[in-house]
Amino acid sequence: MRFNPLTADAHWQKVWEERGTFRASDDSPRRKAYILEMFPYPSGRIHMGHVRNYTMGDVLARYKRMKGFEVLHPMGWDAFGMPAENAAMEKKVHPGAWTRQNIATMRAQLKRLGFALDWSRELATCDPAYYGHEQALFLDLYEAGLVYRKDSEVNWDPVDMTVLANEQVEGGRGWRSGALVERRKLSQWFLRITDFAEELLEGLGALDDWPDKVRLMQENWIGRSKGLRFRFRMAETLAGHDSLDVFTTRPDTIFGASFAAISPDHPIAAALAEGDPALAAFLAECKQGAATAAAIETAEKKGFGTGIRVVHPLDPEWTLPVWVANFVLMEYGTGAIFGVPGHDQRDFEFGTKYGLPIRRVVASSAEEASRPLAGEADSGGGIIVNSRFLDGLSVEEAKTQIVRRAEADGWGEGTTVWRLRDWGVSRQRYWGTPIPIVHCERCGPVAVPREDLPVVLPEDVDFAKPGNPLDRHPSWNKAACPACGGAARRETDTLDTFVDSSWYFIRFASQPADRPFDKDAAEAWLPVDQYIGGVEHAILHLLYARFWTRALHRIGRLDIEEPFQGLFTQGMVTHETYRAPDGRWVAPDEVEEREGRLVLAATGETLDVGRPQAMSKSKRNGVDPEPIVDQYGADAVRWFMLSDSPPERDLAWNEDGIEGAWRFVQRLWRLATAGATEQGEDRILRRKTHQTIAAVGGSIEALAFNKAVASLYELANAVEKAPPSADRAEAARNMLLLVAPMIPHVAEEAWAALGNEGLIADAAWPEADPALLVEDQVTVAIQVNGKLRDTLIVPKGAPREALEEMALASEKIVRSLDGKVPRKVIVVPDRLVNLVA
RNA sequence: GCGGACGUGGCGAAACAGGUAGACGCCGGAGACUUAAAAUCUCCUGCCCCUCGGGGCGUGCGGGUUCGAGUCCCGCCGUCCGCACCA
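Residue numbers for the first sequence follow the numbering used here, beginning at 750 and rising by one.
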């Protein structure tokens, strides 16, 4: 009899749901485990990446339950965002209706896969019952001074009349409208993440269960630089400025300075431009074009000599010219630098172009000291030369000396600057959490009173015109000032959707109706023990969530500093790509094999097969999981997702693989349900069983699912070969328990068929007998001069002398030695004997 | 440019602490069962040579350490990822 997933899947899913098997209890006495996968954006249908992600989390959640943990494994929807608005514009559906429809579809698809989720805690960020609490938390941070408003430059699409993220600007044009993007100043809300730069950086050190790669990426993103901040005195006072602040990480090269440069956005540049049309034109030129990576890479270094000069801090007779340079960023450091062309490649290019002196002040040897620099800057280490009192010091010593001198003389101080910027959270969008602020002409920005939360999005909005519908809504954007009662304007910007995902894991742990979460209840579950998701969130989401948690900690709302104890970033699901002769992409379901070649089924054209790449709409290489699940059942799909590829690496989807997984599910069913009541002993199989119990448990805990799968195949092969015995029946029974977290439907079905009471989901994970984990016989390799010549099967723990003796007695070894007498014998007990002749 | 990861059969991979390289799966081959097919089962399957007992080569390339290197060290080559004028 075959295992029929069509009936079994539905049956067991219903049983689990009716019994509330996977509902997490807040007041269970058992040890708690919080397993979480990154919640999905409800884009329409689940894709293979979701299936892989949620299967991994599910294995862990089910395994932990069997190990006796009270497991929280929830699911929800990251439901705000632009695609819903794009759908509204294109398909004339309301973003809310579109989103809720997608959620319904995807929820059903997830349930079809039999994930052990606590659906009673499901949430959607677009629900006022969620975002209302988010507004309250935003106001908590606002009152604590962690939220502020400032003018900032944004990418503005003049056709769609909206702000674009950097990722939405392609070649200087808006991705939807194709219009040239402008840089525009808008007043926006910011969260003070830079206040937390130090602790976010230091905190990484304790996250041992995070991938090094992600920690490093965050470290680079936060970007700490230690250096000297100092003031140049200006040779003459200008528009109220009598000094120029600069920052450098190379104060040791201070005697190599040949110019100072300021950002085009620097206030001094603006002041100078008022009386200088040529400079004003230069500044305008710099403002053009969005700050895309590609544009920056190719951008030429350009400068404008202002004619003003600053005095070198260590020599009042020495003055340097001040330039405005397009490569100096106002947002980093002080927006001004001093240029050392000899030891900084960027300054070298600038200095060469504008004929500024290039001085050597660092050399790797005494004779190099007098050699001029040519071709490129020398940014390496060495000893300081041509630098008066610094001569002969190492770079590090010189840095310390100059900082000390600057602080003693009062013209500068050692300081740290960060690459990290404050988090701008204003979005000129409808489908997001309304920012709970009212702007009053008399009182300024005023927080919406708590009793008036949530500030609910209006349903009657119009997407026929570009721009933010909240802005032009006839009534919603008008409000009475909470402070003075006068007429005021409601804030029409909404929050960045990354705010929504910065605390959803807290809300999963505790969801009272009247506040965002209960402190004690949330702390009982948090931090998340294992978080699983794509590496594409390595920086933004994971950094924002860390920040938000620390902010709540700082204001006393939550005694948790790091939200995610363990992090795992899984690889993508990929598929081969197919291209027709005319270059268009062909989807996998249009491909057929004929005479050993892949052709387009409809036309017979031979296809060009490309290497597996991430499934994407543009390359048409996606495979929809739903028909696959309908054909093979949830377990085969789950098993395939766990097999072969290590979870952190990409997994290439292919038809043969799912066929193989299907075969295993059927084979397991046969092995487990046949011959359950045999008599007799099989000590070798019993040993194998216990070794597998240990191996599979260890592999699951290490998230090495591919190794767990391999161990189970070995056991299945051993069971298949073994003659009937009580140990064989016991092996089959244990095999079911071991596969239960991975392929739970067939495990339940077989468990019930064997007459067991209760669910296998509720069964205890088997215990491996330590005595059975060690072999009593071992295979010892016999080498001659390091080359394998024979193997011996000997009792474990055989003495060295005996091994040597047996090795020398071997016929093959005698032949290999060819009469030579070993001059050295290396014996590694239980492993090998190496005869050196 | 800066930072990082990874290179093992036809393919996905394994090898825990330097000790039998290729477990396990996929593809492929041979056979059994069957009127036949599907399904299932058994065996083979790194490359080359071979007198069929075996021999040689082999973990990107070149060196080194060691009785012994996929694993450690030095130098290359290649692929992928992140950041990108960060002073």
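In this text, a Cβ means the ideal position worked out from N, Cα and C, and glycines have one as well.
Query	Result
Reducing DSSP to helix, strand and coil, say where Ala1039 ends up.	Bear in mind that a pLDDT of 43 at Ala1039, under 50, signals an unreliable position, so the number given afterwards is only what the model happens to contain. Three-state DSSP puts Ala1039 in coil, outside helix and strand.
Could you tell me whether the region 1402-1421 touches the region 1446-1453, using the rule of 3 or more Cβ pairs below 8 Å?	no
Whose CA, out of Ala853, Leu859, Asp1211 and Ala865, lies closest to the CA of Thr770?	Ala865
Please report the residue range of the beta strand (DSSP E) in which Leu1590 lies.	Because the chain in this structure spans residues 750 to 1586, residue 1590 falls outside the shown range and cannot be described.
Taking the C-alpha atoms as reference points, what is the distance between Met966 and Arg1346?	43 Å
Going by Cα to Cα distance, which pick from His882, Leu888 and Trp905 is closest to Ile1304?	Leu888
Between Gly1429 and Ala1475, what straight-line distance do the alpha-carbon atoms span, to the nearest angstrom?	5 Å
Hey, Asp1278 and Gln1314 are a contact pair by Cβ (cut 8 Å); roughly how many whole angstroms apart?	5 Å
Starting from Gly1163, follow its DSSP beta bridges and name the residues at the other end.	Leu977
Quick check on the burial criterion: 16 or more other C-beta atoms within 10 angstroms. Buried or exposed for Trp826?	buried
Residues bridged to Asp1539 by DSSP?	Ile1531
Can you tell me the Cβ-Cβ gap for Gly1104 and Ser1007, rounded? I've got them flagged as a contact below 8 Å.	No, Gly1104 and Ser1007 are not in contact; Cβ-Cβ is about 10 Å, not under 8 Å.
Could you spell out where the alpha helix (DSSP H) holding His1015 opens and where it closes?	No alpha helix (DSSP H) holds His1015; DSSP gives it neither H nor E.
Rounding to the nearest angstrom, what Cα-Cα distance links Ala1520 and Glu1463 in this structure?	20 Å
Going by the beta-carbon positions, is the gap between Thr997 and Leu977 smaller than 8 Å?	yes
Go ahead and label Gly1446 buried or exposed: buried means 16 or more other beta carbons lie within 10 angstroms of its beta carbon, across all protein chains shown.	buried
So Arg933 and Trp905 are in contact, right, with Cβ under 8 Å, and what is the actual spacing, rounded?	4 Å
Measuring alpha carbon to alpha carbon, tell me which of Gly817, Gln1415, Gln1532 and Gly793 ends up nearest Ala833.	Gly793
Hey, could you find the ends of the alpha helix (DSSP H) Ile1003 is sitting in?	That residue, Ile1003, is in no alpha helix (DSSP H); it is neither H nor E in DSSP.
Between the region 1141-1149 and the region 1009-1028, can you find at least three pairs of beta-carbon atoms closer than 8 Å?	no
Would DSSP call His1439 helix, strand or coil?	helix
Between which two residues does the beta strand (DSSP E) carrying Gln937 extend?	Glu931 to Leu940
Name the DSSP beta bridge partners of Glu1272, please?	According to DSSP, Glu1272 bridges with nothing at all.
Is there contact between the region 1408-1426 and the region 1481-1493, where contact requires at least three CB pairs shorter than 8 Å?	yes
What residue range is occupied by the uninterrupted alpha helix (DSSP H) comprising Asp1249?	Thr1246 to Asp1249
For Pro1515 versus Trp1180, is the C-beta distance shorter than 8 Å?	no
Using 8 Å as the threshold, is the C-beta distance between Leu1356 and Ala1329 below it?	yes
Does Val899 come out as helix, strand or coil in the three-state DSSP assignment?	Correcting the residue identity first, residue 899 is Lys in this sequence and not Val. Three-state DSSP puts Lys899 in a strand.
If you follow the beta strand (DSSP E) that Leu1391 is in, where does it begin and where does it stop?	Premise fails: Leu1391 lies in the alpha helix (DSSP H), Ala1383 to Leu1391, not in any beta strand (DSSP E).
For the alpha helix (DSSP H) that contains Asn1583, what are its first and last residues?	No alpha helix (DSSP H) holds Asn1583; the beta strand (DSSP E) holding it covers Leu1581 to Val1585.
What does the Cβ neighbour count give for Cys1189, buried or exposed, with the cut at 16 atoms within 10 Å?	buried
What is the residue span of the alpha helix (DSSP H) that Pro1194 lies within?	Run containing Pro1194: none in the alpha helix (DSSP H); it sits in the beta strand (DSSP E), Gly1193 to Ala1196.
Between Glu1524 and Arg1477, how many whole angstroms is the CB-CB distance? I'm expecting something under 8 Å.	About 20 Å separates the two Cβ atoms, so there is no contact after all.
Which class does Glu786 belong to by DSSP, given the choice of helix, strand or coil?	strand
Given Asp1211, which residues of its chain have a CB within under 6 Å of its CB, disregarding the five upstream and five downstream residues?	Pro1218
Leaving out five residues before and five after Ala1465 in sequence, what residues of the same chain have Cβ atoms less than 8 Å from its Cβ?	Phe1413, Arg1416, Leu1417, Leu1420 and Met1484
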